[in-house]
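Beneath this line is the structure, given in structure tokens, with notes to follow.
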Amino acid sequence: PLNAIKAFEVAARAGSFTLAASELGVSSAAVSQQIRNLETWFGKQLFVRTGNRIALTDAGHAIYPQTARALGDIAAIGQRMLEGGLRTRLVVSVPFS
-9 PLNAIKAFEV AARAGSFTLA ASELGVSSAA VSQQIRNLET WFGKQLFVRT GNRIALTDAG
51 HAIYPQTARA LGDIAAIGQR MLEGGLRTRL VVSVPFS
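Numbering-wise, the working numbering puts 47 at position 57 of the sequence shown, and it's gapless, one number per residue.
Below is the structure:
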């Protein structure tokens, strides 16, 4: 559920499914569906929805810092890979004939 966790983190930070959708490049309905899927998976409501406004529940507040850190770590791994920081060295040795 990585996409759902990303949708949760962005929506929590933005305070809006609409703003989260804009940042993620998807529809607000897609963000809402991802959040519902995550809530079903966790068995907990993560947001209180009031019209167009959202607010984190206690469960949402409890997991937000860890999800933000985890997604930051994943982004850092990707950046490190792009910069070649995880390259390994291969030494090939061929005998002369």
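We put the beta carbon where it would ideally sit given N, CA and C, even for glycine. If you're wondering where the values come from, they're calculated on a predicted model, not measured in any experiment.
With 16 as the cutoff for other CB atoms within 10 Å, does residue i come out buried or exposed?
i, result
"Q69", "exposed"
"S22", "buried"
Thinking C-alpha only, which one of the options is nearest residue i?
i, options, result
"A20", "T47, R59, A1 and L36", "A1"
"N(-7)", "L9, T8 and N27", "N27"
"I53", "V84, A11 and F32", "F32"
CB-CB under 7 Å to residue i, same chain, minus the five flanking residues each way: which ones, in chain order?
i, result
"E13", "V0 and A4"
"Q35", "E29, T47 and A49"
"T57", "I(-5), F(-2) and E(-1)"
Measure the C-alpha to C-alpha separation of residue i and residue j and round it to an integer number of angstroms.
i, j, result
"L9", "V16", "10 Å"
"F7", "N42", "8 Å"
"R59", "V82", "40 Å"
"G74", "L61", "20 Å"
"A65", "R39", "29 Å"
Counting along the chain, where does the beta strand (DSSP E) carrying residue i start and finish?
i, result
"V89", "Residue 89 falls outside the range modelled here, since the chain spans only -9 to 87, and no answer is possible."
"F37", "F37 to T40"
Would you kindly report the start and end of the unbroken alpha helix (DSSP H) that includes residue i?
i, result
"V0", "L(-8) to A4"
"L61", "D48 to L72"
"F7", "F7 to L14"
With a threshold of 6 Å on Cβ separation, who are the neighbours of residue i within its own chain once the five nearest residues in sequence on each side are excluded?
i, result
"I44", "F37"
"S18", "F7, T8 and A11"
Between residue i and the rest of its own chain, which residues show a CB-CB distance below 8 Å, the 5 nearest in sequence each way excluded?
i, result
"I25", "A(-6), A(-3), F(-2), A1, F7, L36 and F37"
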